[in-house]
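Chemist: Can you keep this structure in mind? I'll have questions shortly.
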Amino acid sequence: MGDCGDVCIVGFCLLTVLIIIGGIVCLIVFLGVVPYQRMKFHVNDASLTEFYLTNDDILHYNLAVNISVRNSNKIERISYDKISSKTYCYGNDLALVSLTSFWQDTESTTLLHPVFQGQTSIKLRGSRLRDFNNDQRDGSYSIYVVLYLRIQIKHAGGGKSEHDYFKVKCGLMRLHLLGSSSDNQTRTGGLFQTRRCKLSYDESKYQSY
Numbered sequence: 074m075g076d077c078g079d080v081c082i083v084g085f086c087l088l089t090v091l092i093i094i095g096g097i098v099c100l101i102v103f104l105g106v107v108p109y110q111r112m113k114f115h116v117n118d119a120s121l122t123e124f125y126l127t128n129d130d131i132l133h134y135n136l137a138v139n140i141s142v143r144n145s146n147k148i149e150r151i152s153y154d155k156i157s158s159k160t161y162c163y164g165n166d167l168a169l170v171s172l173t174s175f176w177q178d179t180e181s182t183t184l185l186h187p188v189f190q191g192q193t194s195i196k197l198r199g200s201r202l203r204d205f206n207n208d209q210r211d212g213s214y215s216i217y218v219v220l221y222l223r224i225q226i227k228h229a230g231g232g233k234s235e236h237d238y239f240k241v242k243c244g245l246m247r248l249h250l251l252g253s254s255s256d257n258q259t260r261t262g263g264l265f266q267t268r269r270c271k272l273s274y275d276e277s278k279y280q281s282y
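When we follow our numbering, the leftmost residue of the sequence shown carries the number 74, and every step to the right adds one.
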């Protein structure tokens, strides 16, 4: 009877330890994952005032984008230590710009205003060249903007997480040339609509970090 009781006590202690460890692991996962799930990114406005290709394959462009960054967490602040933004289209990278780092408070929204202006040598062949020519005839283009982020979570108790790396992909479909949000129209004729961006882990840890 005594041996059985000792075994039961040991088993109970082991079970208790496992429950505690499991709870700690769940808490760590919760604190590490949930804050990122509540980060929301949207393109609120975009203006394309220059976009043409010369005979020597030089693309001239001038694109301004307004992106809202929402922290919906109620107890965690977010530090955006490093931010860079890249734009690309038709399989070619156009420009990479650095943005100012910032701390974001709980339940708050921050606006980013990346501007891409310049000229880049690109090669358009095959289907990509056909897509560009078709878009040029329509006067509207499909352009992508990507944010590369190095961020850190500050918890309510004062602790900080390790740095994590994310990328945010925003598609600007059928963006018309020479217009702001009040003039840029989609193929269906409506005004520029706010577009939600896709957040994902950046396993490559982009070199701009």
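By construction, the Cβ of each residue, glycine as well, lies at the ideal position given by its N, Cα and C atoms.
DSSP three-state label for G105, please.
Modeler: For the purposes of this step, residue 105 is identified with residue 32 of the sequence shown, where counting begins at 1. Only weak support is given to the placement of G105: the predicted model assigns it a pLDDT of 46, under 50, and the value that follows is read from those uncertain coordinates. Looking at G105 - three-state DSSP - the assignment turns out to be helix.
Chemist: I'd like to know whether the C-beta atoms of K240 and L222 end up nearer to each other than 9 Å.
Modeler: As a working note, residue 240 is residue 167 in the sequence shown. As a working note, residue 222 is residue 149 in the sequence shown. Contact flag set, yes.
Chemist: Alpha carbon to alpha carbon, what distance is there between L136 and L250?
Modeler: Counting from 1 along the sequence shown, the entry for residue 250 is found at position 177. Counting from 1 along the sequence shown, the entry for residue 136 is found at position 63. Their Cα atoms are separated by approximately 10 Å.
Chemist: In angstroms, rounded to a whole number, what distance separates the CA positions of L172 and S215?
Modeler: If you number the sequence shown from 1, residue 172 lands on position 99. If you number the sequence shown from 1, residue 215 lands on position 142. C-alpha separation (whole angstroms): 23 Å.
Chemist: Which term fits N144, buried or exposed, when burial requires 16 or more other beta carbons within 10 angstroms of its beta carbon?
Modeler: As a position in the sequence shown, residue 144 is number 71, starting the count at 1. Counting Cβ neighbours within 10 Å, N144 comes out buried, since at least 16 surround it.
Chemist: Which class does S277 belong to by DSSP, given the choice of helix, strand or coil?
Modeler: As a working note, residue 277 is residue 204 in the sequence shown. Correct three-state label for S277: coil.
Chemist: Taking CB distances under 9 Å as the criterion, tell me whether Y153 reaches chain B.
Modeler: In the displayed structure, chain B is absent; only one protein chain is listed.
Chemist: Quick check on G191: does DSSP put it in helix, strand or coil?
Modeler: Here residue 191 is taken as the residue at index 118 of the sequence shown, counted from 1. Strand.
Chemist: To the nearest angstrom, how far is it from the Cα of V138 to the Cα of L121?
Modeler: On the sequence shown, position 65 is the one that residue 138 refers to. On the sequence shown, position 48 is the one that residue 121 refers to. Roughly 9 Å separates the two Cα atoms.
Chemist: Taking the straight line between their C-alpha atoms, what separation do you get for L220 and I148?
Modeler: For this step, residue 220 is matched to residue 147 along the sequence shown. For this step, residue 148 is matched to residue 75 along the sequence shown. The straight-line gap from Cα to Cα measures roughly 24 Å.
Chemist: Quick one: grab the DSSP three-state call for G199.
Modeler: Here the question's residue 199 lines up with position 126 in the sequence shown. Helix at G199.
Chemist: Quick check on this structure: which residue in K113, R268, R111 and L167 has the alpha carbon closest to the alpha carbon of L132?
Modeler: As a position in the sequence shown, residue 132 is number 59, starting the count at 1. For L132, the nearest C-alpha among the options comes from L167.
Chemist: Using a 10 Å radius around the Cβ and a threshold of 16 neighbouring Cβ atoms, would you call V116 buried or exposed?
Modeler: The residue given as residue 116 occupies position 43 in the sequence shown. Result: buried.
Chemist: Taking all protein chains shown into account, decide if S158 is buried (16 or more other Cβ within 10 angstroms of its Cβ) or exposed.
Modeler: The residue you call residue 158 lines up with position 85 of the sequence shown. S158 comes out buried.
Chemist: What is the rounded straight-line gap between the Cα of F175 and the Cα of C162?
Modeler: Against the sequence shown, residue 175 aligns to sequence position 102. Against the sequence shown, residue 162 aligns to sequence position 89. Roughly 28 Å between the two C-alpha positions.
Chemist: Report the option in R269, Y217, D237 and K227 whose CA atom is closest to the CA atom of R247.
Modeler: As a position in the sequence shown, residue 247 is number 174, starting the count at 1. When each option's Cα is compared against that of R247, the closest is Y217.
Chemist: Is V142 closer than 9 Å to L185 when the C-beta atoms are compared?
Modeler: Position 112 of the sequence shown, counting from 1, holds the residue named residue 185. Position 69 of the sequence shown, counting from 1, holds the residue named residue 142. Contact: yes.
Chemist: Which runs of the alpha helix (DSSP H), 4 residues or longer, sit entirely within the segment 211 to 251?
Modeler: With a minimum length of 4 residues, no continuous alpha helix (DSSP H) run stays inside the segment 211 to 251.
Chemist: Helix, strand or coil: how does DSSP classify N128 here?
Modeler: Taking the first residue of the sequence shown as position 1, residue 128 is located at position 55. Note: N128 maps to coil in three-state DSSP.
Chemist: Excluding five sequence neighbours on each side, which residues of the same chain lie with their C-beta closer than 7 Å to the C-beta of E123?
Modeler: On the sequence shown, residue 123 is found 50 positions in, with the first residue counted as 1. Within the same chain, E123 has close Cβ partners H133, Y134 and N135.
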